[in-house]
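Engineer:
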Amino acid sequence: MNSGLLYALTGVGLFTLGLNALIMHAHLLRKILAINVMGSGVFLVLVALGGRVPGASPDPVPHAMVITGIVVAVSATALALALMLRVRAATGKPRLPEERQE
Amino acid sequence: MLAGLADTPWSVLVILWPLVGALACFLWPRHANPLGLLAALGSVACVATLAWQVVEQGAQRHAVGGWGAPLGIDLYADGLSLLMLVMTAMVGLGISIYSSGYFDRKTAAVFWPLWLFLWTALNALLLSADIFNLYVTLELLGLAAVALVALAGGANALTAAMRYLLVSLLGSLCYLLGVALLYHSFGSVDIAILAQRVEPLPSVWAATGLMSAGLLLKTALFPLHFWLPPAHASAPAPVSAMLSALVVMASFYILLRLWLEIFPLSGAALGQLLGLLGAAAVLWGGIQALRQTRLKLLIAYSTVAQLGYLFLAFPLGTSFAWKGALYLLLSHALAKAAMFMAAGNILRFGGHDRIADLDRVVQRLPLTLTAFSLAGISLMGLPPSGGFIGKWLLLDAALYSGQWWWALILITGGLLTAAYVFKVVGYAFTPAEVSHEARTVPARMEWTALLLALAAVLLGLFALWPLTLLDIGSPLAGGYAG
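Top line first, the protein sequences correspond to chains S and D.
Numbering of the first sequence is given in the working numbering, commencing with residue 577 and proceeding in unit increments.
Numbering of the second sequence is given in the working numbering, commencing with residue 5 and proceeding in unit increments.
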């Protein structure tokens, strides 16, 4: 197993861990962090698979994609944090209410 | 002059114009209303010129900054994306005019930049020629949409917006992981290049699964629709209209493009699964809509049901079926925008949207109720509406391919739609026990709803032009089931 594949598998592992946390945790801050962990996992996969041929210089295109992805992730996180504070101010709790069954 | 027009890359201006408009509205919030309307009109003009260019010269490809694929970003306009752009422009103009009467000065200053950013993202998404650019525009669209839902304030809207944001981010990340796998396997993100190189590898299967799952979550296909009704129902009326009419369609458009161009090998089994989920959405959404007591929730569940129809084309896979689904998409966008606007008028007029207390809306807001009924006719699929043509094409494709059970779903769905539309119309004719204080509704809000609903119905009479437009440089001609 080369190191690129190892990193890529780690990335998939991070994605899965983050997905698990996103579903299991109720606190919104944890959910937002979980999304960020998932995002880092995807970025790791992108970068790791960029070095396809061992020894050759890595493909720069995935790096450009990851930089774009990080910009998107930062703005999404900012919006999520701002929204979380508004939710807490409006409902008193930093979590989503359970689904109401009618 | 005409040669200059023909050489201008209008696809760039289609994105640039609303973007500049958004920035202008942000910088001069006092004049947000006139500036926003100007930006909306300009965007419509740009789309119209692009349409002329595509019809005259065929599909347009523009390399941004002269770089070109595979390194640079390409903008690509064919019949399919053009039709979606024109639909967006029509609904967008309607929403802009409606909003100029809906919001007070303070909210308008926040609404206009966000709405124009959303429009920019939508236009950019429809013109994107590579799957990574689609990811970026999808994220931009999602962020603007979430902020617009939160605009209503209050605990309901804020929690709905938060849930919407988490779902939207989850969907985009699944999609991005699929992009990473496809890039790794074939060394490109350009749709045209991928279409040539794609082979049935395990990584393509994984990418198909991940990208489809992410996009289905964003399109709110049953059973992934849980986030849609609260988000669409608690947003301000023009925002509900744009979410139901435009935003969910964007992820469906991406799925359709990928399905037609990159995943033609994914074959029939996944198509049948999507069709099954679509059928479940039609029935479940229809039944839930019937059970609702609030008008806006009813319309939101109706969106869940109508989205289901679009997925009935996947198991059929013929050119007729795709065209039928796209036609349904167009008429649904117009009709649903009109319906949410009508609901917004009723809500403003009576101060509530409880269906049982609608209290003779018909005498006081005749235009609004006409708009609601006309939109309902298109959703039910009665002739001569646009919904009828779409359902007819799908029905035809279902019977032609021998899969008659999809036809049953189409008909049952139509009956359910009729039931919930008549439920609303019926209450609007009867006097309620509680009388309420009435507020006036600006005339432009009533007229835009009516004109959009009318357009949805008229779409059935002028079906030929959009259907031939779809053939320009479009992948719709083939389809794996022939």
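Think of the CB as a built atom: it goes at the ideal place given N, C-alpha and C, for glycine as much as any other residue.
Keep in mind it's a predicted model, so treat the numbers as computed, not measured.
Using 10 angstroms around the beta-carbon of glycine 482 of chain D, count the other beta-carbons present and answer buried if the total reaches 16, otherwise exposed.
Structural biologist: Stepping through the second sequence from its first residue, residue 482 of chain D is reached at position 478. For glycine 482 of chain D, the predicted model reports a pLDDT of 46, less than 50, meaning its position is unreliable and no value from the coordinates is stated.
Engineer: Run down chain S in chain order and give the residues with a C-beta less than 8 Å from the C-beta of tyrosine 257 of chain D.
Structural biologist: The count along the second sequence starts at 1 and reaches residue 257 of chain D at position 253. Per Cβ cutoff of 8 Å: no residues; tyrosine 257 of chain D is ~20 Å from chain S at best.
Engineer: Nearest-angstrom Cα distance between tryptophan 14 of chain D and glycine 312 of chain D?
Structural biologist: Sequence index remark: in the second sequence, residue 14 of chain D carries index 10 (1-based). Sequence index remark: in the second sequence, residue 312 of chain D carries index 308 (1-based). One C-alpha to the other measures close to 34 Å.
Engineer: Helix or strand or just coil, what does DSSP make of histidine 336 of chain D?
Structural biologist: In the second sequence, the residue the question calls residue 336 of chain D occupies position 332. Histidine 336 of chain D falls in the helix class under three-state DSSP.
Engineer: Would you be able to state if there are at least three C-beta pairs under 8 Å between the segment 172-181 of chain D and the segment 135-152 of chain D?
Structural biologist: These segments touch.
Engineer: Pull the bridge partners of tyrosine 80 of chain D from the DSSP assignment, please.
Structural biologist: Position 76 of the second sequence, counted from the start, is the residue given in the question as residue 80 of chain D. Answer is D:Arg65, bridged to tyrosine 80 of chain D.
Engineer: Count the other CB atoms, across all protein chains shown, that sit within 10 Å of the CB of tryptophan 409 of chain D; report buried if there are 16 or more and exposed otherwise.
Structural biologist: Locating residue 409 of chain D in the second sequence gives position 405, where the first residue counts as 1. By the neighbour-count rule (16 or more Cβ atoms within 10 Å), tryptophan 409 of chain D is not buried but exposed.
Engineer: Among D:Ala239, D:Leu278 and D:Ile197, which one has its Cα closest to the Cα of threonine 223 of chain D?
Structural biologist: Counting from 1 along the second sequence, the entry for residue 223 of chain D is found at position 219. Among D:Ala239, D:Leu278 and D:Ile197, the Cα nearest to that of threonine 223 of chain D is on D:Leu278.
Engineer: What number of angstroms, rounded off, separates the C-alpha of alanine 652 of chain S from the C-alpha of glutamine 276 of chain D?
Structural biologist: Taking the first sequence and counting its residues from 1, one reaches residue 652 of chain S at position 76. Taking the second sequence and counting its residues from 1, one reaches residue 276 of chain D at position 272. If I take the Cα positions, the gap works out to 35 Å.
Engineer: To which residues of the same chain is isoleucine 266 of chain D closer than 7 Å at the C-beta, ignoring the five residues directly before and after it?
Structural biologist: The residue given as residue 266 of chain D occupies position 262 in the second sequence. Cβ within range, chain order: Ile195, Leu198, Ala199 and Val202.
Engineer: Give me the subset of the segment 591-622 of chain S whose CB atoms are less than 7 Å from a CB atom of chain D, sorted by chain position.
Structural biologist: Result list: Phe591, Leu598, Leu604, Lys607, Ile611, Met614, Gly615, Val618, Val621 and Leu622.
Engineer: Taking only three categories from DSSP, how would you classify histidine 356 of chain D?
Structural biologist: Against the second sequence, residue 356 of chain D aligns to sequence position 352. Residue state, collapsed to three classes: coil.
Engineer: Assign histidine 603 of chain S to one of three DSSP states: helix, strand, or coil.
Structural biologist: For the purposes of this step, residue 603 of chain S is identified with residue 27 of the first sequence, where counting begins at 1. Histidine 603 of chain S falls in the strand class under three-state DSSP.
Engineer: Measure the Cβ-Cβ separation of arginine 364 of chain D and threonine 297 of chain D and say whether it is below 8 Å.
Structural biologist: Here the question's residue 364 of chain D lines up with position 360 in the second sequence. Here the question's residue 297 of chain D lines up with position 293 in the second sequence. Cβ distance not < 8 Å, so arginine 364 of chain D and threonine 297 of chain D don't count as in contact.
Engineer: Could you check whether the Cβ of glycine 482 of chain D sits closer than 8 Å to any Cβ belonging to chain S?
Structural biologist: Locating residue 482 of chain D in the second sequence gives position 478, counting from the first residue. In this prediction, glycine 482 of chain D has a pLDDT of 46, which is less than 50 and means its spatial position is unreliable; what the coordinates show is noted afterwards. Glycine 482 of chain D does not count as touching chain S.
Engineer: Go through the segment 94-142 of chain D residue by residue and report every complete run of the alpha helix (DSSP H) that reaches 4 residues or more, in order.
Structural biologist: Runs of the alpha helix (DSSP H) inside the segment 94-142 of chain D: 109-131.
Engineer: Decide if glutamate 450 of chain D is buried, meaning its Cβ has at least 16 other Cβ atoms within 10 Å, or exposed.
Structural biologist: Counted from its first residue, the second sequence places residue 450 of chain D at position 446. It counts as buried.
Engineer: My understanding is that valine 18 of chain D touches leucine 338 of chain D, with C-beta atoms under 8 Å, so please give their C-beta distance in whole angstroms.
Structural biologist: Within the second sequence, numbered from 1, the residue matching residue 18 of chain D stands at position 14. Within the second sequence, numbered from 1, the residue matching residue 338 of chain D stands at position 334. About 20 Å; that fails the 8 Å criterion.
Engineer: Below 8 Å on the Cβ atoms is my contact criterion, and I expect histidine 603 of chain S with arginine 671 of chain S to pass it. Report the Cβ-Cβ distance as a whole number of Å.
Structural biologist: Within the first sequence, residue 603 of chain S is the residue found at index 27, counting from 1. Within the first sequence, residue 671 of chain S is the residue found at index 95, counting from 1. Confirmed, Cβ separation roughly 6 Å.
Engineer: Per DSSP, aspartate 363 of chain D forms a beta bridge with which residues?
Structural biologist: Here residue 363 of chain D refers to the residue found at position 359 of the second sequence. Paired residue(s): none; aspartate 363 of chain D is not in a bridge.
Engineer: For chain D, is any of its Cβ atoms less than 8 Å away from the one on proline 634 of chain S?
Structural biologist: Working through the first sequence from its first residue, we reach residue 634 of chain S at position 58. By this cut-off, proline 634 of chain S is not an interface position.
Engineer: Taking 8 Å as the CB-CB limit, is leucine 655 of chain S close to chain A?
Structural biologist: The question asks about chain A, but that chain is absent: this structure's protein chains are S and D.
Engineer: What is the DSSP secondary structure of aspartate 635 of chain S, counted as helix, strand or coil?
Structural biologist: Counting from one through the first sequence, the residue named residue 635 of chain S turns up at place 59. In this structure, aspartate 635 of chain S counts as coil in the three-state DSSP scheme.
Engineer: Output yes if chain S places a C-beta closer than 8 Å to the C-beta of alanine 485 of chain D; else output no.
Structural biologist: Stepping through the second sequence from its first residue, residue 485 of chain D is reached at position 481. Summary for alanine 485 of chain D: the model assigns pLDDT 34, below 50, so the residue's position carries little reliability; its value from the coordinates is reported in the next sentence. It does not: the Cβ of alanine 485 of chain D has no partner Cβ on chain S nearer than 8 Å.
Engineer: Measuring CB to CB, does glycine 290 of chain D end up less than 8 Å from threonine 421 of chain D?
Structural biologist: The count along the second sequence starts at 1 and reaches residue 290 of chain D at position 286. The count along the second sequence starts at 1 and reaches residue 421 of chain D at position 417. Yes, the pair counts as a contact, with Cβ atoms nearer than the cut-off.
Engineer: Classify arginine 34 of chain D: buried if its beta carbon has 16 or more other beta carbons within 10 angstroms, exposed otherwise.
Structural biologist: Numbered from 1 along the second sequence, position 30 holds the residue referred to as residue 34 of chain D. Arginine 34 of chain D comes out exposed.
Engineer: For glycine 72 of chain D, go through chain S and note every residue whose CB falls closer than 8 Å to its CB, in chain order.
Structural biologist: Here residue 72 of chain D refers to the residue found at position 68 when the second sequence is read from its first residue. Within 8 Å Cβ-Cβ: nothing; glycine 72 of chain D doesn't reach chain S, min ~14 Å.
Engineer: Helix, strand or coil, according to DSSP, for aspartate 194 of chain D in the structure here?
Structural biologist: Taking the second sequence and counting its residues from 1, one reaches residue 194 of chain D at position 190. Correct three-state label for aspartate 194 of chain D: strand.
Engineer: Count the CB pairs spanning the segment 51-69 of chain D and the segment 115-124 of chain D that are closer than 8 Å, and state whether there are at least three.
Structural biologist: Because the criterion of three Cβ pairs below 8 Å is not met, the segment 51-69 of chain D and the segment 115-124 of chain D do not touch.
Engineer: Go to leucine 472 of chain D, then tell me how far its alpha helix (DSSP H) extends in each direction, as first and last residue.
Structural biologist: Residue numbering aside, residue 472 of chain D sits at position 468 when the second sequence is read from its first letter. Here residue 472 of chain D is threonine; the residue named in the question, leucine, does not match the sequence. Unbroken alpha helix (DSSP H) run through threonine 472 of chain D: 468-473.
Engineer: Where DSSP assigns a beta bridge to arginine 298 of chain D, which residues make up the other side?
Structural biologist: Looking up residue 298 of chain D in the second sequence gives position 294. Beta-bridge pairing links arginine 298 of chain D to D:Arg358.
Engineer: For the segment 384-408 of chain D, enumerate the residues whose C-beta is nearer than 8 Å to any C-beta of chain S, in chain order.
Structural biologist: Within the segment 384-408 of chain D, no residue qualifies.
Engineer: Taking 8 Å as the threshold (C-beta atoms), are histidine 601 of chain S and valine 623 of chain S in contact?
Structural biologist: Locating residue 623 of chain S in the first sequence gives position 47, where the first residue counts as 1. Locating residue 601 of chain S in the first sequence gives position 25, where the first residue counts as 1. In this structure, histidine 601 of chain S does not lie closer than 8 Å to valine 623 of chain S by Cβ.
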